[in-house]
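**Q**
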Amino acid sequence: MLLVGSALIFALVYALAGIVKPGIDGNSHFDIAYYTAILSFLWIHYYHDHFLFTDFEALDGAYR
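All you need for the numbering used here is the position in the sequence shown, starting with 1, plus 5.
1) If we define contact as Cβ-Cβ less than 9 Å, is serine 11 a contact residue for chain D?
2) Isoleucine 43: buried (16+ other C-beta within 10 angstroms of its C-beta) or exposed?
3) Which same chain residues end up closer than 7 Å to isoleucine 29 when comparing Cβ atoms and leaving out the 5 residues on each side of it in sequence?
4) If you run the structure through DSSP and keep just helix, strand and coil, what is glycine 10?
5) Secondary structure at aspartate 65, three-state DSSP: helix, strand or coil?
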């Protein structure tokens, strides 16, 4: 699911990069799309980690 979401974000940003900044070269298209897709999922991951690491009781059910 995350791979599909990442691929969709990559494709969308790759397409929009040429519209937002016309005349951009292909490598810049790829760099912008790649880092946007990867970093957006890292931000979501860090957001969820915040709750996991501040609520230690959330892990208790996993070890019973």
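Just so you know, even glycine gets a beta-carbon here, dropped at the ideal spot from N, CA and C. Small disclaimer: the values here were computed from a predicted structure and weren't measured.
**A** The answer reads as follows:
1) Reference to chain D is not applicable here, since this structure consists of a single protein chain.
2) Taking the first residue of the sequence shown as position 1, residue 43 is located at position 38. The Cβ neighbour count for isoleucine 43, taken over all protein chains shown within 10 Å, is under 16; the residue is labelled exposed.
3) Here residue 29 refers to the residue found at position 24 when the sequence shown is read from its first residue. For isoleucine 29, where only same-chain residues beyond five positions count, the Cβ hits under 7 Å are Ala22, Gly23.
4) To locate residue 10, count along the sequence shown from 1; it is residue 5. Helix, per DSSP.
5) Residue numbering aside, residue 65 sits at position 60 when the sequence shown is read from its first letter. Here aspartate 65 carries a helix assignment [DSSP, helix/strand/coil].
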